[in-house]
Each structure stands twice: as C-alpha cells, then as structure tokens.
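Q:
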Amino acid sequence: MITTGLALHTYPLSRILLSSSLLNLTYAHTIFDQIRNPTVFIFNTLISSVITNHGSHIHLAFSLYNRIIISGDKLRPNCYTYPSLFKACGSQPWVRYGLALHTHVLKFLEPAGCDRFVQASLLNFYAKCGKLGLARHLFKLIDKPDLATWNSILTAYARNTSTSTGCVRGINTGDSSLSLGVLYLFNEMLNSLVRPNEITLMALISVCADLGALCQGMWAHVYVIRHGLVLNCYVGTSLINMYMKCGCLGLAYQTFEQLSQRDTSCYNAMIGGFAIHGYGSKALEIYEKMRIEGLLPDNVTFNVSMFACSSVGLVEQGCKVFDSMKEVYGIEPTLEHYWFLVDLLARAGRLQEAEEKIKEMPMKPNATLWRSLLAGARIHGNVAIEKVALKHLMELEPETSGNYVVLSKKYNRINRWENVNRVRKLMKDQNID
DNA sequence: GTAGGGTTAG
C-alpha cells in the first residue's frame, strides 16, 4: 500500500485498520499514527473497533475522540462517531462521559441527534445508568422506531424489572409496572407493524417470568414457533427461566430438552430453577450432564449448584463443587461462593469447618457470611462460635438493630439482665428500634 | 465501495 500510494486513501486505510485492529491493537495504532491527516472516517473506524473488540482499552477510544474535538475546524465528529462511544459509556468508569457526549451530539450533529443509531445508543446509555424515564422520553421523540430501537426500550424496561440477588431467594424486588410496560409496548410494536425478533421475545418472556404471567409466557413461546423465530440459547434460557418461575418444572425441562443448541446459560437456568424449587439432586444431575457434554461451568453455574446443595443439605457434593472450581476449572471463588460454602457447612452443623473456611478466605468476610455462621451456631447450640460470629457481626453492622435484638435475646436466655438493659440502652441512644 | 445502535441465567 505504501509503494502504490494506496496508503493515502481513506477506504483501503480503514479496511487495513479494521482488520489489523482485530488481531493486534498496538499494530493498528502504529498504522494509525503513520496516517497523514486522518479523516473522521479513519478515526471512527478505530474508535468503534477499540470499543467493540478491546474492552480493556476503552480509554484509547476516548483519547481518539478527544483528538477529533481538539483539532479545531479540521475535523468534526459525525453520526458514526457517537453510537459506539455511548455504548462504552454504559459501564463504569465511563458513565460520567455520557452527559458530555450528549451535549456534543447537540452541538456537532445537524439536525441535532436525529440519526436513528445515535438516538438508540443514547437511549441505551440512559437506560443502562438507571435513567429509565429519560430513556422513555427519548423513545417517544423517535419517529417510526425500527426493530433495534424497539428492542432497546423493551430490554431496558425488562432489565430493570428484577434485580439479580432477590431472585435466588424467590423475592422479586423489581418494579412490576415496568414489566406491564413491556407488555403494553410489545402490543404497540405489533400495531406499528415492526416484526419482533428473538431479542424482542427474550425481553417479553423475561418479564412474563417476573410477573409470573404463565399465559402470556406460553403465548410468547407459541409466537416463537408460529413465526419461525429461532429457539436459540437466549430465547431458550428465558423460556426455561419463565417456566421455572411459574412453577412449571416439567415444561421447563421439556423446553430445555427440545433446544437444538444449549450453552452454559441454558444449563444455569435449569440448575438454578431446580435448586430454587428444592430439587437439589435433580439440579446436580443437570450439572453433571453439563460436564459430560463438555460445557465449561462459569461463576453462575457454581453459584446455583452450591445453592442447590445448600438448600437440601448435600454437604459433601457441595464441598466437591466448591473445590472443583479452583482445582479443575481454575476459577477463583468469589465472596458469594464462600457464602454458599459457609452456609452449607453451618446448616449441617459443621461449624468449626465453616469458621475455618471464613478464616481461609482471601477476601474480607461480610456481614451476610457471619450471619450464616451465627444462624448455624444457634440452630446447633454452639455458644462459642455464636459469640465469635456475633462479635464480627456487631463490628460490621453496628447500625443494624437486628443484631442487637439477637444479642439481647441471647443475654436474656442466659439470664444476664444487666446486659439486656445495656443493649437496650445502646439501641435507644443510637435511635435504633 | 465505507465507520455506527438492541440479547443471558443467580
């Protein structure tokens, strides 16, 4: 390209920049640095490639964007510049640049921000940082939203309906009005004659799960089949999850069996579903099946499998799963995995082991962990460990009245009225009751 | 001719 002079032309340059950036970002950057007077086109190519393929080098994308901005009149960002940048702003620590970018859109684009890609990416940015009202407002401003735009608002609503940790304990802590919103919006979408695809259905099915709306969920399942949509892993996982949440274990399993392709997520949904309904052994069977099929378990797999063991007291199996994390799969257990392990041991009365595991942990144990140990110690009447757990709990959460109540009850039980009064006074002093 | 937005389970 250098000898033929092709290296002076934007098109071949952008092609070589794009393909080389897939393999080696440093190399791509070297090429970029040698381009004399790169056009916005060239900048856009590299910015989007960095964001799409090199998530750990996002700062490079912003520094490239900055070079466009400080070039004065030489370069001006266009509507291709922003979508990937807004995508990058959807996660920390880049969220804080999102608002500034929005002002740039209004400043640099003519007519201000009317491109559908820019609009959809902006909508997604606000949705991802929790500004759902703003996302909805932006959506209303979009004339004739296309499929991706509909999917943006639907998945934004669906994502915000349930929070992850609430669900493992069977509590939906999300906002059900948003779930209903998805049903209404889906109806609107059908009326606007935009044909839903697999992503749309995934959002729809996941809110049916949150609402426990079995009829609507089944309707969505039938829609997938009737309209020739692909029952891929995403749709399959959301269907399994929906049937499980609605208590239809048989239908969930049937759907799982019928999937032509199954990935780790499908298995996780199946294992988690069985675990929540108290079928620990069934859950472990699926876990085994997954290993036989050669699929690699991930963080979630270990969480749901340990939960399965913990809820039905499969202590040995649970310990084995935990040990295999690091030994077989090289995955470092997180705080949550330790919590399941401690919970499992404490419930089974193996309190000393549980305490030892807490001591061995590479990270600082949190209050939840000590609470599990405390609960186990109380059930199995181990006063020594109960004391240790309480001490740590009080240190970590002095403001939680629950701990004081437990403590005062404990003193109460062993007739130390002086201490009862002391604790009650302490609560009063700190306005806790 | 070309660079851009939407999907996962706890």
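Numbering (mature numbering (1 follows the signal peptide of the UniProt record, and there is no 0)), first residue to last: -28 to -1, 1 to 405.
C-beta: ideal position from N, C-alpha, C; glycine also.
Bear in mind the structure is a predicted one, so any value in this text is a computation, not a measurement.
1) Throw me the rounded Cβ distance for the Leu47 and Val77 pair, which I believe falls under 8 angstroms.
2) Do you know how far the Cα of Leu162 is from the Cα of Cys180?
3) Rounded to the nearest angstrom, what separates Ala255 and Arg167 at their Cα positions?
4) Looking only at C-alpha atoms, which of Ala72, Phe246, Cys238, Ala99 sits nearest to Asn132?
5) Is the Cβ-Cβ distance between Gly62 and Asn96 less than 8 angstroms?
6) Kindly list the residues whose CB is nearer than 8 angstroms to the CB of Leu110, restricted to its own chain and excluding five residues on each side of it in sequence; keep chain order.
7) Where does Ser28 land, buried or exposed, given buried means 16+ other C-beta within 10 angstroms?
8) Could you give the distance in angstroms between the alpha-carbon of Lys217 and the alpha-carbon of Tyr(-2)?
9) Which one of Ser151, Val196, Leu157 has the shortest CA to CA distance from Ala185?
10) Grab the span of the alpha helix (DSSP H) containing Glu369 for me, first residue to last.
11) Can you give me the C-alpha to C-alpha distance between Glu229 and Leu(-12), rounded to a whole angstrom?
12) Quick one: is Pro269 buried, meaning 16 or more other Cβ sit within 10 Å of its Cβ, or exposed?
13) Rounded to the nearest angstrom, how far is the Cβ of Thr172 from that of Leu211, given a contact under 8 angstroms?
14) Determine the closest residue to Lys79 out of Tyr54, Arg88, Trp66, with distance taken between C-alpha atoms.
15) The alpha helix (DSSP H) that contains Gln226, what's its start and end?
16) Starting from Glu304 and walking both ways along the alpha helix (DSSP H), at which residues does that stretch end?
17) Run through DSSP, which three-state label would Ile330 get?
18) Is Ser21 buried or exposed, if buried means 16 or more other CB atoms sit within 10 Å of its CB?
19) So, are the CB atoms of Glu332 and Val360 less than 8 angstroms apart?
20) Note down, one range per segment and in chain order, each beta strand (DSSP E) of at least 3 residues found wholly within the stretch 165 to 245.
21) If you reduce the DSSP assignment to three classes, tell me which class Asp5 lands in.
22) CA-CA distance, Leu365 and Tyr310?
23) Leaving out five residues on either side along the sequence, give the residues of the same chain with a beta carbon under 6 angstroms from the beta carbon of Ser136.
24) Could you compute how far the alpha carbon of Gly142 sits from the alpha carbon of Ile248?
25) What did DSSP end up calling Gly138 once you bin it into helix, strand or coil?
26) Smallest Cα separation from Cys86: which of Gly348, Asp115, Gly250, Leu(-7)?
27) Quick one: what does DSSP say Ile14 is sitting in, helix, strand or coil?
28) Answer with buried or exposed for Cys238, where buried requires no fewer than 16 other C-beta atoms within 10 angstroms of its C-beta.
29) Comparing alpha-carbon positions, which option in Gly321, Asn169, Tyr215, Leu345 lies nearest Gln188?
30) For the pair the stretch 336 to 348 and the stretch 288 to 304, tell me if three or more CB-CB distances fall below 8 angstroms.
31) Could you tell me the alpha carbon to alpha carbon distance between Lys112 and Gly208, rounded to whole angstroms?
32) Return the CA-CA distance between Ile40 and Pro370, expressed in angstroms with no decimal places.
33) Give me the Cα-Cα distance between Leu157 and Asp118, rounded to the nearest whole angstrom.
34) If you draw a straight line from the alpha carbon of Ala320 to that of Gly285, how long is it in whole angstroms?
35) Pick helix, strand or coil for Arg(-14), following the three-state DSSP scheme.
A: With the structure as the only source:
1) Contact flag wrong, Cβ pair sits at about 16 angstroms.
2) Going from the Cα of Cys180 to the Cα of Leu162 covers about 17 angstroms.
3) Here the alpha carbon of Ala255 sits roughly 37 angstroms from the alpha carbon of Arg167.
4) For the residues Ala72, Phe246, Cys238, Ala99, the minimum Cα distance to Asn132 belongs to Ala99.
5) Their beta carbons are under 8 angstroms apart, which means Gly62 touches Asn96 by this criterion.
6) If you ignore the 5 residues before and after Leu110, its C-beta comes within less than 8 angstroms of the C-beta of Gln91, Leu94, Leu95, Tyr98, all in its own chain and listed in chain order.
7) Label assigned to Ser28: exposed.
8) Taking the CA atoms as reference points, Lys217 sits about 49 angstroms from Tyr(-2).
9) The residue with the shortest Cα to Cα distance from Ala185 is Ser151.
10) For Glu369, there is no enclosing alpha helix (DSSP H), as DSSP marks it with neither H nor E.
11) Going by the C-alpha atoms only, they are around 44 angstroms apart.
12) When all chains shown are included, Pro269 counts as buried.
13) The Cβ separation is near 14 angstroms, so there is no contact.
14) The residue with the shortest Cα to Cα distance from Lys79 is Tyr54.
15) 221 to 230 is the span of the alpha helix (DSSP H), which, as asked, contains Gln226.
16) Boundaries cannot be given for Glu304, as no alpha helix (DSSP H) includes it and DSSP labels it neither H nor E.
17) Ile330 falls in the helix class under three-state DSSP.
18) Buried is the call here.
19) The answer is no: Cβ separation not under 8 angstroms.
20) The stretch 165 to 245 is shown to contain no whole beta strand (DSSP E) run of 3 or more residues.
21) Asp5 carries a helical assignment under DSSP once its states are collapsed to helix, strand and coil.
22) The C-alpha of Tyr310 is placed about 17 angstroms away from the C-alpha of Leu365.
23) The pLDDT assigned to Ser136 is 40, lower than 50, so where the model puts this residue is not dependable, and the model offers no usable value.
24) Only weak support is given to the placement of Gly142: the predicted model assigns it a pLDDT of 42, under 50, and the value that follows is read from those uncertain coordinates. Here the alpha carbon of Gly142 sits roughly 7 angstroms from the alpha carbon of Ile248.
25) For Gly138, the predicted structure reports a pLDDT of 37, less than 50, and the residue's modelled location is therefore unreliable. A value from the coordinates is still provided. Here Gly138 sits in helix by DSSP.
26) Comparing Cα positions, the closest option is Asp115.
27) Residue state for Ile14 is assigned as helix, using DSSP reduced to three classes.
28) By the neighbour-count rule (16 or more Cβ atoms within 10 Å), Cys238 is buried.
29) Measuring from the Cα of Gln188, the nearest candidate turns out to be Tyr215.
30) Too few Cβ pairs lie closer than 8 angstroms, so no.
31) Near 31 angstroms, if we compare the C-alpha coordinates of Gly208 and Lys112.
32) Across the structure, Ile40 and Pro370 are spaced so that their CA atoms are roughly 52 angstroms apart.
33) In a straight line, the C-alpha of Leu157 is about 13 angstroms away from that of Asp118.
34) Cα to Cα, Ala320 sits roughly 7 angstroms from Gly285.
35) In the structure shown, Arg(-14) sits in a helix (DSSP, three-state: H, G or I).
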